[in-house]
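Numbering of the sequence shown is given in UniProt numbering, commencing with residue 1 and proceeding in unit increments. Cβ coordinates follow ideal geometry from the N, Cα and C atoms, glycine included.
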Amino acid sequence: MLRKSVSWNVKQICTMINKGTITFDHPLQRPADQWTIANSTLLIDSLLTMFIPDVYAVQLSEEVDGKKVNKYAIIDGKQRLTRIHEYKQDLWALDTLPPIVLESTGEEYDISGLKFSELPEEVQEEINGYTVTIKAIEIQEGEDEEEIIEKIFYRLNNGVSMARQHLCLVSASKQVQKFVSEIVSTHKLFTEVSHFTTGGVKKSDKEMAVLQTIMLASGLDFKSFASRDVEDFFKENKDLDDSVMNKTKQAFDMLVDGFNEYNKFITKINLVSFAGFIVEHNFDQKTIDFLKYYAQTSKKGDAYRKYCGAGNVKLDNVKKRLAALSNLYAEYIGQL
């Protein structure tokens, strides 16, 4: 692994983002929109009056028109760079903040409530000229990229405020990371049908739902659905077969067949349980008919939902939810 530091100003970084030489599609990146306007305003204030932390990236080389082009896949710093880039495009306005004094001119400016294009020219120049340091790593031939990035990610986030659920994804193999990232960003079940709160999305609830479904589809033993146990499961099972991912996706596809539009009942806990139930019953089409029926007739505290409350991540409750669905399914089939 080669390490290096590169420094570019904000204007250069935004140009690189536009050209695609700085990217944010690494599977370990958290979902976008993690920051509020207040957080983002403080970021811009820091550009003008203080500092912002270094950004970390993996340097990749690609051949474009016969020329070697370096690209930088951001692994820590996505929220900072995307919010700066969006501010430069006038996609949001600053919140209220105290007047700032530019070190370069000594002049005071009130910039509260302003978009980038509305800022005084001197302030725009100060932002454009701010230098960001990027710590880049270049993976050498024969090195384990997955292992190196996992180590960096854990060290960067050890003890800081990052959702434990997102760290579960870090522990998974690169194959699983890519699968989870693709499912969450493109599968209709996660983009249109299911119900996840804004806070849940920021905490990586969607990613966790996919990981938990993979655990059920694998048929392997696990301790519970608690974040630490999910993390341990994927650390210990780095060589999951492609068939496990195929089963997971097939279950998600069937759920979309049954629930083709937004349905508030398809929450994280129900999505995982329903998908696991489908896998358990060998993708029988009648399971979807049953789940549609159950979603319409379910009552609080029924044989399934009484295991969805407090302690729902415990292994015993995970198993009881699946058993309850199977029992209700048997009753449903018996009435046909």
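- Counting the other CB atoms within 10 Å of its CB gives Tyr72 a total of 16 or more, which places it among the buried residues.
- Judged by DSSP in its simplified three-state form, Glu138 adopts strand.
- Trp8 is not a Cβ neighbour of Gln79, given a cutoff of 8 angstroms.
- Assignment of alpha helix (DSSP H) within the stretch 233-284, counting only whole runs of 4 or more residues, yields 242-258 and 268-280 in chain order.
- The shortest C-alpha to C-alpha distance from Ser273 to any of Asn260, Ala295 and Leu167 is the one to Ala295.
- Listed as beta-bridge partners of Gln59 by DSSP are Tyr72.
- Annotation: the continuous alpha helix (DSSP H) that includes Ser46 extends over Ile37 to Thr49.
- Annotation: the continuous alpha helix (DSSP H) that includes Lys19 extends over Val10 to Lys19.
- Assigned with DSSP and collapsed to three states, Glu108 falls in strand.
- Residue burial is scored here from C-beta neighbours: Gln89 has fewer than 16 other C-beta atoms within 10 angstroms and is therefore classed as exposed.
- If you ignore the 5 residues before and after Lys314, its C-beta comes within less than 7 angstroms of the C-beta of Ser224, all in its own chain and listed in chain order.
- Cβ contact annotation for Phe179 (same chain, cutoff 6 angstroms, sequence separation greater than five): Met245, in chain order.
- Bounds of the alpha helix (DSSP H) holding His85 are Lys78 to Lys88.
- Under the three-pair Cβ rule at 8 angstroms, the stretch 181-196 does not count as touching the stretch 225-242.
- Taking every protein chain shown into account, the CB of Ile333 has fewer than 16 other CB atoms within 10 angstroms, so this residue is exposed.
- Between the stretch 204-217 and the stretch 46-65 there are fewer than three C-beta pairs closer than 8 angstroms, too few to call the two in contact.
- The bridge partners DSSP lists for Arg3 are Ile137.
- Ala226 has its alpha-carbon roughly 19 angstroms from the corresponding atom of Lys238.
- Beta-bridge analysis with DSSP links Ile148 to no other residue.
- Sequence-distant Cβ neighbours of Lys235 in its own chain, meaning closer than 7 angstroms and more than five residues away, are Ser171.
- Straight across, the Cα-Cα distance linking Ser218 with Arg321 is about 18 angstroms.
- Non-local C-beta neighbours of Phe24 in its own chain, meaning closer than 7 angstroms and more than five positions away in sequence, comprise Ile74, Lys78 and Thr82, ordered along the chain.
- About 18 angstroms separates the Cβ atoms of Leu189 and Phe290, ruling out a contact at the 8 angstroms cut-off.
- Lys314 sits in a strand when the DSSP states are folded into three classes.
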